[in-house]
Structures are given as structure tokens and as C-alpha cells.
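**Q** What follows is a single structure, and I will ask about it in a moment.
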Amino acid sequence: MRTKFGRTVRTMGVALVLASGAGVVLGTAPASATEYKFLSIVLRYHGDKFPSRTDAINETRPEADRQCVAAYGFRARGVEPGSLFGVRNSQGTNDWKQTWYCYPN
8 MRTKFGRTVR TMGVALVLAS GAGVVLGTAP ASATEYKFLS IVLRYHGDKF PSRTDAINET
68 RPEADRQCVA AYGFRARGVE PGSLFGVRNS QGTNDWKQTW YCYPN
């Protein structure tokens with residue numbers, strides 16, 4: 008009787024481990040609330056004048072979506088825009104970048 012109970016417990020334990028592993032592989036396991044991927048996408052516009060935030064978001068959203076799906080596959084929950092900033096380049100103008108936060112489900 009004792010060995011049958013021990014075998015049942017081990018079998019259930021193995022089944023739970025396999026099921027939780029399958030949940031991670033299939034993307035059904037919940038991700039950490041703080042887990043995200045930071046994306047920084049360069050705009051086509053390079054200049055000193057601050058670009059429109061709406062235009063920057065509209066221009067870079069397809070690339071952000073593509074990178075998010077590449078990072079998380081079908082587990083990608085979506086992207087949220089972050090800040091817009093410029094970095095001075097060697098020509099003396101700004102290379103503008105739109106940041107994004109990509110979250111898994």
C-alpha cells in the first residue's frame with residue numbers, strides 16, 4: 008500500500024512539473040509584472056527641431072511591434088511608447104529616437 012501511494016505522489020509531481028513547463032512554452036504561464044523589453048528605435052528625421060511625438064509614435068510603432076513579436080513570439084502582449092529623445096551625431100544634428108516598452112503576456 009505504501010509503495011503505491013509513493014508512486015502516485017511521484018507521478019503527480021512529475022505531471023505538475025511537465026504541465027507548468029508546457030505552460031511556459033505555450034505562453035499561458037503568467038509573466039512577471041516587471042518583465043519587459045526596452046526598445047529604442049531611430050526615426051527617419053535627423054535635425055535640430057524637436058519632431059512631433061504623434062508622428063514619431065506612428066512612424067516607429069510597426070518596428071516596435073515587429074521587435075516585440077521577435078522577442079516574445081505569440082506571447083507578446085503589446086508595446087507602449089516611452090520617451091522621445093535626440094542624440095547629437097557627428098554632423099552636429101540630432102538623431103531622434105522613440106523608446107518603447109514591450110510586454111509579454
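Residue numbers (our numbering): 8 to 112.
The C-beta atom is built at its ideal place from N, Cα and C for all residues, glycine as well.
1) Report yes if the CB atom of glutamine 105 is closer than 7 Å to the CB atom of leucine 91, and no otherwise.
2) Under a three-way DSSP split, which group does proline 58 fall into?
3) Taking all protein chains shown into account, decide if valine 94 is buried (16 or more other Cβ within 10 angstroms of its Cβ) or exposed.
4) From what residue to what residue does the beta strand (DSSP E) around tyrosine 52 run?
5) On the criterion of 16 or more Cβ atoms from any shown chain inside 10 Å, does alanine 77 qualify as buried, or is it exposed?
6) For alanine 71 and asparagine 96, what's the separation of their Cα atoms in angstroms?
7) How far does the beta strand (DSSP E) with glycine 93 in it extend, from its first residue to its last?
8) Below 8 Å on the Cβ atoms is my contact criterion, and I expect lysine 84 with proline 111 to pass it. Report the Cβ-Cβ distance as a whole number of Å.
9) Since asparagine 101 is in the beta strand (DSSP E), which residue starts that stretch and which ends it?
**A** Here's the rundown:
1) As a first step, residue 105 must be located in the sequence shown, where it is residue number 98. As a first step, residue 91 must be located in the sequence shown, where it is residue number 84. Yes, the pair counts as a contact, with Cβ atoms nearer than the cut-off.
2) On the sequence shown, residue 58 is found 51 positions in, with the first residue counted as 1. Coil at proline 58, not helix or strand.
3) For the purposes of this step, residue 94 is identified with residue 87 of the sequence shown, where counting begins at 1. It is exposed - the Cβ of valine 94 has fewer than 16 other Cβ atoms within 10 Å.
4) By one-based count along the sequence shown, residue 52 stands at place 45. According to the DSSP assignment, tyrosine 52 belongs to the beta strand (DSSP E) that extends over 44-53.
5) Here the question's residue 77 lines up with position 70 in the sequence shown. Flag for alanine 77 reads exposed.
6) Here residue 71 corresponds to residue number 64 of the sequence shown, with the count starting at 1. Here residue 96 corresponds to residue number 89 of the sequence shown, with the count starting at 1. Answer to the nearest angstrom: the Cα atoms are 23 Å apart.
7) For the purposes of this step, residue 93 is taken as the residue at position 86 of the sequence shown. Looking at the DSSP string, the run of the beta strand (DSSP E) that includes glycine 93 is 83-95.
8) For the purposes of this step, residue 84 is taken as residue 77 along the sequence shown, with counting starting at 1. For the purposes of this step, residue 111 is taken as residue 104 along the sequence shown, with counting starting at 1. The sequence given here has arginine at residue 84, not lysine. At roughly 6 Å, the Cβ-Cβ gap stays under 8 Å, so arginine 84 and proline 111 are in contact.
9) Mapped onto the sequence shown, residue 101 falls at position 94. 101-111 is the extent of the beta strand (DSSP E) around asparagine 101.
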